[in-house]
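Worksheet: the structure to be examined is printed underneath.
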Amino acid sequence: MTSIMVIGTGYVGLVSGACMADFGNRVICYDIDKEKIAALERGVIPFYEPGLAELVERNRAAGRLSFSTDLVACIADSMVIFIAVGTPEGQGGEADLSAVFGVAGEIGRHLDGYHVVVQKSTVPVGTNRRVAAIIREAAGPEARFDMVSNPEFMREGSAIGDFLRPNRVIMGVESERARELMREIYRPLFLNETPILFTGIESAEMIKYASNAFLAVKISYINEIAELCERMGADVQVVARGMGLDGRIGAKFLHAGAGFGGSCFPKDTKALVTMADEQAVAMGVVRAAIAANERQPERAVEKLAALAGGDIAGMRVAVLGLSFKPNTDDVREAASLKIIRRLREKGARERAFDPVAGANARRVLPDLDLAPGTYECLDGADALIIVTEWNEFRVLDLQRVAALLKRPLVVDCRNIFNARIMADAGLRYASYGQVDEEAR
Ligand SMILES: NC(=O)c1ccc[n+]([C@@H]2O[C@H](COP(=O)([O-])OP(=O)(O)OC[C@H]3O[C@@H](n4cnc5c(N)ncnc54)[C@H](O)[C@@H]3O)[C@@H](O)[C@H]2O)c1
4 MTSIMVIGTG YVGLVSGACM ADFGNRVICY DIDKEKIAAL ERGVIPFYEP GLAELVERNR
64 AAGRLSFSTD LVACIADSMV IFIAVGTPEG QGGEADLSAV FGVAGEIGRH LDGYHVVVQK
124 STVPVGTNRR VAAIIREAAG PEARFDMVSN PEFMREGSAI GDFLRPNRVI MGVESERARE
184 LMREIYRPLF LNETPILFTG IESAEMIKYA SNAFLAVKIS YINEIAELCE RMGADVQVVA
244 RGMGLDGRIG AKFLHAGAGF GGSCFPKDTK ALVTMADEQA VAMGVVRAAI AANERQPERA
304 VEKLAALAGG DIAGMRVAVL GLSFKPNTDD VREAASLKII RRLREKGARE RAFDPVAGAN
364 ARRVLPDLDL APGTYECLDG ADALIIVTEW NEFRVLDLQR VAALLKRPLV VDCRNIFNAR
424 IMADAGLRYA SYGQVDEEAR
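Now the structure itself:
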């Protein structure tokens, strides 16, 4: 049983800690936020992630998972220290590494005996060498530790499944002792033959950014194709299906819509471009993906204006979905907030509903008009914009939607419906790049 400490109990730290406990390790989750730790000790999970409450409870009951705000005691008790603190976007698009470097200094000041320090936060290439230097400087020349880069690829909303059954695990490791400890921690994954790639530290750091940016490029690519489809009478859903059947391309991340958001793609693409700037490398593909993405939320409002005959001033618009994607309450860089701000700029007002993200959205927009449910949100609205593809919106009763809306106008930012179904319900519809081919 390897003893592990996880620093930072956000989406990544808490899910990783609970899953590593489930693998049979003894895990203490530490956070600087004392209220968060107190809530976790009472069994309250600080964010929405399906299955997490049960996983935490099961591993706490088994004595493998605990929470603490005592950094010194945690370090003394743990052979392996995972860092999973935030690395948000800084002023100039670079990753803000202040939390990571702060934690490194703390670790160094309290290091005693041999430890492995594992970086799970997404950090630019070269950061882990700097982290190791900070630890060494604080701990003194006698310090004995190894640094590992173990970037995380979990998706919010399916984070537990992604951690327990990943496509791959990447480990930038430079010592045999650290490699053996990492094998111990991830033993169940070695046993079930998950691809585990041991690399150098810089390569592990780069794999994370290169992967996220690639997926972002795929999304922006299909969004630009969708815009062209709209002008030229092709249907992007059909086009994406036809492309995706080619194994070299693959069907995933070819869904046209209001663009990517969330806590990773927007900041990680910008951090990659900043790295490229520092090295005088063009990185034009990723820059173009960022620029194309920034246009997508605004296009939803343009589509609504076109349906409404030009002017949306004075309209009250029902907005369904606030989280940046379904099955999470995370609203960081969510298209919904950009759309709502744009609606307001154009003189319209929102009335919004989300199954779980309303409170988080209101923290960003304190005067957000929130409805208690889907159909209450629609009641008396002048139009509907569907922003997040929660399952409950996929099965909307369209006759009821038509009856509740004052004007039958629907913009579908995730292409979950189509023009034919909407027309049958008496609704006027705009999507991202779909056309009704049968109507020709
Ligand atoms: N959210 C995701 O889906 C995801 C997926 C893969 C990788 N990542 C990366 O993982 C990292 C963490 O992301 P997140 O979404 O979990 O962030 P988060 O904001 O949800 O959580 C960060 C946590 O760290 C804590 N923290 C900050 N400074 C601290 C300190 N000095 N000591 C102890 N705790 C501290 C905060 O209180 C918070 O609980 C980021 O680098 C992110 O890019 C995130």
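Residue numbers (my numbering): 4 to 443. We put the CB at the ideal spot given by N, CA and C, even for glycine.
ask   = Which term fits residue 369, buried or exposed, when burial requires 16 or more other beta carbons within 10 angstroms of its beta carbon?
value = For the purposes of this step, residue 369 is taken as the residue at position 366 of the sequence shown. By the 10 Å Cβ count, residue 369 comes out exposed.
inquiry  = If I measure Cβ to Cβ from residue 22 and keep anything under 8 Å in the same chain, skipping five residues before and after, which residues do I get?
reply    = The residue labelled residue 22 in the question sits at position 19 within the sequence shown. Contacts found: 58, 163, 166, 167.
query = Nearest to residue 180 by CA position, among 249, 233, 120, is which residue?
reply = One-based indexing of the sequence shown puts residue 180 at position 177. Out of 249, 233, 120, 120 has the C-alpha closest to the C-alpha of residue 180.
query = If you pair each beta-carbon of the segment 16–34 with each one of the segment 72–85, do three or more pairs fall below 8 Å?
reply = Yes, the segment 16–34 is in contact with the segment 72–85.
query = For residue 195, is the classification buried or exposed, using 16 other Cβ atoms within 10 angstroms of its Cβ as the cut-off for buried?
reply = Within the sequence shown, the letter at position 192 stands for residue 195. Classification for residue 195: exposed.
query = Does DSSP put residue 168 in a helix, in a strand, or in coil?
reply = Here residue 168 corresponds to residue number 165 of the sequence shown, with the count starting at 1. Here residue 168 sits in coil by DSSP.
ask   = What does a CB cutoff of less than 8 Å around residue 422 pick up in its chain, not counting 5 residues either side in sequence?
value = As a position in the sequence shown, residue 422 is number 419, starting the count at 1. Counting only Cβ-Cβ distances below 8 Å, and skipping sequence neighbours, we find 432, 434, 437, 438, 439, 442.
key: Nearest to residue 148 (by Cα), restricted to the options 123, 129, 175, 110   = Residue 148 sits at position 145 when you count from the first residue of the sequence shown. Nearest of 123, 129, 175, 110 to residue 148, Cα basis: 110.
message = Please tell me whether, using a cut-off of 8 Å, the distance from the CB of residue 318 to the nearest non-hydrogen atom of ligand 1 is below it.
response = Within the sequence shown, residue 318 is the residue found at index 315, counting from 1. Not so, every heavy atom of ligand 1 lies at least 8 Å from the Cβ.
message = Tell me which residues share the same chain as residue 85 and place their Cβ nearer than 6 Å to its Cβ, disregarding the 5 neighbours each side in the sequence.
response = As a working note, residue 85 is residue 82 in the sequence shown. Closer than 6 Å at Cβ, skipping near neighbours: 9, 121, 123.
query = Taking three-plus beta-carbon pairs below 8 Å as touching, is the segment 343–352 in contact with the segment 297–310?
reply = Segments in contact, yes.
query = Closer than 8 Å: is that where the CB of residue 158 sits relative to any heavy atom of ligand 1?
reply = Position 155 of the sequence shown holds residue 158. Yes, Cβ of residue 158 sits closer than 8 Å to a heavy atom of ligand 1.
Own chain residues within Cβ distance below 7 Å of residue 126, not counting five before or after = As a working mapping, residue 126 is identified with position 123 in the sequence shown. Only 90, 98, 100, 103, 208 meet the Cβ criterion.
query = Could you give the distance in angstroms between the alpha-carbon of residue 412 and the alpha-carbon of residue 243?
reply = The count along the sequence shown starts at 1 and reaches residue 412 at position 409. The count along the sequence shown starts at 1 and reaches residue 243 at position 240. Cα to Cα, residue 412 sits roughly 26 Å from residue 243.
inquiry  = Quick check on the burial criterion: 16 or more other C-beta atoms within 10 angstroms. Buried or exposed for residue 174?
reply    = Here residue 174 refers to the residue found at position 171 when the sequence shown is read from its first residue. Residue 174 should be labelled buried.
inquiry  = Is the separation between the beta-carbon of residue 292 and that of residue 277 shorter than 9 Å?
reply    = Working through the sequence shown from its first residue, we reach residue 292 at position 289. Working through the sequence shown from its first residue, we reach residue 277 at position 274. Contact: no.
ask   = In terms of residue numbering, what span does the beta strand (DSSP E) encompassing residue 482 cover?
value = Because the chain in this structure spans residues 4 to 443, residue 482 falls outside the shown range and cannot be described.
query = Cα separation between residue 418 and residue 288?
reply = Taking the sequence shown and counting its residues from 1, one reaches residue 418 at position 415. Taking the sequence shown and counting its residues from 1, one reaches residue 288 at position 285. Rounded to whole angstroms, residue 418 to residue 288 spans 25 Å at the Cα level.
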